[in-house]
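Notes follow once the structure below has been shown.
There are 2 protein chains.
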Amino acid sequence: MTLTCKHGPHIRDLGEFGLINLISRNVRSSPKVSVGIGDDAAAFTFQEGCVALATSDMLVEGVHFDLTFCDPFRLGRKSLAVNLSDIAAMGGAPGCFLLSLAIPETLPVNFIELFTAGMLGLADEHGAVLVGGDTCASRGGLVISVTLYGEQKGERIVQRRGARPGDGIFVTGTLGDSALGLELLMNGHGEGSCITRHLDPTPRVCEGMALAEAGLPTAMIDISDGLLADLGHILECSRVGARLHLEMIPLSREFSAHVASLPERDYSLAISGGEDYELLFTAPPHKRDAIRSLFAKLGTPVTEIGEITENSGMSLLSPEGKPIASDRKGFDHFPLRQQLHTGTPSQRPRACHENLSKKG
Amino acid sequence: MTLTCKHGPHIRDLGEFGLINLISRNVRSSPKVSVGIGDDAAAFTFQEGCVALATSDMLVEGVHFDLTFCDPFRLGRKSLAVNLSDIAAMGGAPGCFLLSLAIPETLPVNFIELFTAGMLGLADEHGAVLVGGDTCASRGGLVISVTLYGEQKGERIVQRRGARPGDGIFVTGTLGDSALGLELLMNGHGEGSCITRHLDPTPRVCEGMALAEAGLPTAMIDISDGLLADLGHILECSRVGARLHLEMIPLSREFSAHVASLPERDYSLAISGGEDYELLFTAPPHKRDAIRSLFAKLGTPVTEIGEITENSGMSLLSPEGKPIASDRKGFDHFPLRQQLHTGTPSQRPRACHENLSKKG
Chain A
7 MTLTCKHGPH IRDLGEFGLI NLISRNVRSS PKVSVGIGDD AAAFTFQEGC
57 VALATSDMLV EGVHFDLTFC DPFRLGRKSL AVNLSDIAAM GGAPGCFLLS
107 LAIPETLPVN FIELFTAGML GLADEHGAVL VGGDTCASRG GLVISVTLYG
157 EQKGERIVQR RGARPGDGIF VTGTLGDSAL GLELLMNGHG EGSCITRHLD
207 PTPRVCEGMA LAEAGLPTAM IDISDGLLAD LGHILECSRV GARLHLEMIP
257 LSREFSAHVA SLPERDYSLA ISGGEDYELL FTAPPHKRDA IRSLFAKLGT
307 PVTEIGEITE NSGMSLLSPE GKPIASDRKG FDHFPLRQQL HTGTPSQRPR
357 ACHENLSKKG
Chain B
7 MTLTCKHGPH IRDLGEFGLI NLISRNVRSS PKVSVGIGDD AAAFTFQEGC
57 VALATSDMLV EGVHFDLTFC DPFRLGRKSL AVNLSDIAAM GGAPGCFLLS
107 LAIPETLPVN FIELFTAGML GLADEHGAVL VGGDTCASRG GLVISVTLYG
157 EQKGERIVQR RGARPGDGIF VTGTLGDSAL GLELLMNGHG EGSCITRHLD
207 PTPRVCEGMA LAEAGLPTAM IDISDGLLAD LGHILECSRV GARLHLEMIP
257 LSREFSAHVA SLPERDYSLA ISGGEDYELL FTAPPHKRDA IRSLFAKLGT
307 PVTEIGEITE NSGMSLLSPE GKPIASDRKG FDHFPLRQQL HTGTPSQRPR
357 ACHENLSKKG
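Going line by line, the protein sequences match chains A and B.
Sequential numbering from 7 applies to the first sequence in my numbering.
Sequential numbering from 7 applies to the second sequence in my numbering.
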């Protein structure tokens, strides 16, 4: 069989056990897993003294991804990456995961081969192991649900609620690339670093674990809804406010060039575009040097972009120190009293942001 | 707001955080849960010395349930029950769970209220706690994905692969009621004990745990695909065969009356109908008395229906001891080289059976 996705046999030609064999044939074994794929439930162990972490994301065709943009290999990677990013944001080490798929009968077998190869490849990079899940038919589009476990010592887990007035606000990597990548895709562009960041985001797993293990952050979240919305979650949970400096927000060369090309310098994709999957965390000022030194070792950029304030609310300051009006809202799946998804599916190919665990 | 489901505000009137609040407002706290709904991931502990169990089921509207048959309260219960049944089949105690929902924007808010009330009510009955999940929009029907954790001491976990020649084959409760209930529903009947068993199955949680803790079963599975198909999974995993006695298969009064009313006595719903959610297990003959005494204490019927044989294959014997031809196949979501779901959605409202963890 060639590695193209449009042709070849369909899922209905494979049979259900053929499908399960296809998904599970390249799954690695792990000493942690005593019962893997092939029983009513999986059985596995956590490291002694560790707390279990669990997160789940559902990705729905036409809502979170569009198969005209998204190749199956990178879709497989991204479906796991968004969950890895959540475990990273708690400071956890990823462990076992379950994959549930509702599959249209006409999906090519090759799609599932590539999807699984992408997902298991990323899993291997982070020591995550597929242990079970569910496969069933879909009468609509493809639905992907991944549940990932992680672990960390209880006292090391970093929540959203620990930010304190005076803490610095830090972010890894650069912001806005993914949202710009989506815009480029929708305008017919094919490849490029921003498009790659949108289709194949890098979860900051090592960074989250290293921060937690060094006891540096007071609060942490991954940026999926956009900087302002996700900082908003930290502020609500911690009952504090924040001041952000627009010129400190880290931008890639590609993003800066794009902004410079616009008639008005518009940073909105960097502050509310979403799907960056960078870590946003707070830490007291005396930890600044330790943070810089940690990130230098990891080879990952980290930038201080503002500070936590006692007064609630968020202010975004221009380079001249003037407050800038901004729309804090990130992506909402059910926008209040508005028509949902007025665009066509291809205008809304965004990964799932709104997690039950996102309630402030 | 009245407790009817057809009227009242829709999800799109509620907003996403309103939806999350609605789902989470009646969630109980638990000393096991250090981070519940409201962060990037949930954090919880397992009992020391226990292995973690995990299972996931996805239920898709039009494939596994039909909203014309299924009230939201019982759908909420059933979505968790099918997962509780999987944990029971491993001999585990249920613990935390995650709920992911892809919701059509026009779904009434009241639907989610009733669905959640049903699910959380059943969770309370079994000490299960909702700790997170995901909510997102669906462009098609409702999709429900539940991932449930359980725990049990490693040496107590009961897998599918331990059946040995000479073992008796036992089943809890009665078989066929759920499949008959579905037939009755499709023929326009409204209520009755078989319909209740279809819409609101009872997971055998106490029975599974008690069996495991007494070290009685050599292999165990829950009957979701039908007796013959699920026994087939035990036989494949254990590399043994079986002889079943048709007249020993436990039937309810309602099911027996139905069979007696047919021109030919047809037991097919009892042996391959599926969705019984009874436990099917094997145990050596010298454990028979201990099993009977355990089930007498629990007040649950248990019946020995056959024996494990060295020769592979399965034979089903008539009361006269003659082999009966039977179709072993249970429900397959992707039947090999056949058109999938040739019926209308309302002819296929079956809960999801085919779990990745079902591979033999």
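Backbone N, C-alpha and C define an ideal beta-carbon position, used for all residues, glycine too.
For clarity, every value in this text was computed on a predicted model and none was experimentally measured.
Asked                                                                                                                      : Found
Listed by chain order, chain B residues near Cys102(A) by CB distance under 9 Å                                            : Ala58 and Ala60
Identity of the residues DSSP links to Asn176(B) by a beta bridge                                                          : A small fix is needed here, since residue 176(B) is Phe in this sequence, not Asn. In the DSSP output, where bridge partners are listed per residue, Phe176(B) has Phe287(B) and Glu310(B).
Other residues of its chain near Thr178(A): CB distance less than 6 Å, five sequence neighbours each side excluded         : Arg210, Glu213, Glu284, Leu285, Thr306 and Val308
Near-chain B residues of the region 39 to 58 of chain A - C-beta to any C-beta below 7 Å                                   : Ser40, Val41, Ile43, Gly44, Asp45, Asp46, Ala47, Ala48, Ala49, Phe50, Thr51, Phe52, Val57 and Ala58
Among Ala263(B), Cys102(B), Leu90(B) and Arg294(B), the one whose alpha carbon lies nearest that of Asp206(B)              : Leu90(B)
Alpha-carbon to alpha-carbon, Glu189(B) and Phe103(B)                                                                      : 31 Å
With 16 other Cβ atoms within 10 Å as the buried cut-off, status of Ser106(A)                                              : buried
Cα-Cα separation between Glu310(B) and His264(B), rounded to whole angstroms                                               : 23 Å
Collapsed DSSP secondary structure at Val164(A) in the structure displayed                                                 : coil
Alpha helix (DSSP H) segment containing Val152(A), residue limits                                                          : Looking at the DSSP string, Val152(A) is not in any alpha helix (DSSP H); the run it does join, the beta strand (DSSP E), is Val149 to Lys159.
Neighbourhood of Thr315(A) by C-beta distance below 7 Å, restricted to the same chain and skipping five residues each side : Pro171, Val246, Gly247, Ala248 and Arg249
Whole-angstrom distance between Val135(A) and Gly98(B), CA atom to CA atom                                                 : 21 Å
Straight-line Cα distance separating Gly327(B) from Ser274(B)                                                              : 18 Å
Interface residues of chain B facing Thr153(A) [CB-CB closer than 7 Å]                                                     : Ser62, Leu104 and Thr153
Same chain only: Cβ atoms within 6 Å of Ala60(B), ignoring 5 sequence neighbours per side                                  : Tyr155
Beta-bridge partners of Asp3(B), as assigned by DSSP                                                                       : Since the first residue of chain B shown is 7 and the last is 366, residue 3(B) is not available in this structure.
Check whether Ala58(A) and Thr180(B) have beta carbons under 8 Å apart                                                     : no
Under the three-state DSSP convention, the category Arg249(B) falls into                                                   : strand
Short CB-CB distance (under 8 Å) between Gly172(B) and chain A                                                             : no
Own chain residues within Cβ distance below 7 Å of Lys365(A), not counting five before or after                            : Note on Lys365(A): pLDDT 31, under 50, position unreliable in the model; the coordinate value appears next. Taken in chain order, the list of residues that qualify is empty.
Reference Ala48(A); option with closest CA among Asp231(B), Met96(B) and Leu148(B)                                         : Met96(B)
Straight-line Cα distance separating Leu81(B) from Ser151(B)                                                               : 12 Å
Straight-line gap, Gly196(A) to Leu186(A) (C-alpha atoms, nearest Å)                                                       : 13 Å
Sub-8 Å separation of Ala225(A) and Val149(A) beta-carbons                                                                 : no
Below-8 Å beta-carbon distance, His70(B) vs any chain A residue                                                            : yes
First through last residue of the beta strand (DSSP E) which encompasses Val39(B)                                          : Val39 to Val41
Buried versus exposed, by CB contacts within 10 Å (16 or more), Asp272(A)                                                  : exposed
Test: Asp183(A) CB closer than 8 Å to a CB of chain B                                                                      : no
Enclosing beta strand (DSSP E) for Cys76(A) [first to last residue]                                                        : Taken as a continuous stretch (DSSP letters only), Cys76(A) belongs to no beta strand (DSSP E), as it is neither H nor E.
Listed by chain order, chain A residues near Ala108(B) by CB distance under 8 Å                                            : Met64, Val66, Val69 and Val149
Neighbouring residues, chain B, relative to Ala235(A) (Cβ below 7 Å)                                                       : The contacting residues do not exist; Ala235(A) stays about 11 Å from chain B at best.
Of the listed residues Ser244(A), Gly101(A) and Arg31(A), nearest to Gly133(A) (C-alpha basis)                             : Gly101(A)
Contacts of Asn212(A) in chain B (Cβ-Cβ under 8 Å)                                                                         : Note that residue 212(A) is Cys in the sequence shown, not Asn. Chain B residues near Cys212(A): none, gap ~16 Å exceeds 8 Å.
Outcome for Glu161(A) when other beta-carbon atoms lying within 10 angstroms are tallied against a minimum of 16           : exposed
Close-in-space but distant-in-sequence residues of the same chain around Ile229(A) (CB under 6 Å, 5 per side omitted)      : Asp236, Asp282, Glu284 and Leu286
Cβ-based burial, Arg298(B) [other Cβ within 10 Å; buried from 16]                                                          : exposed
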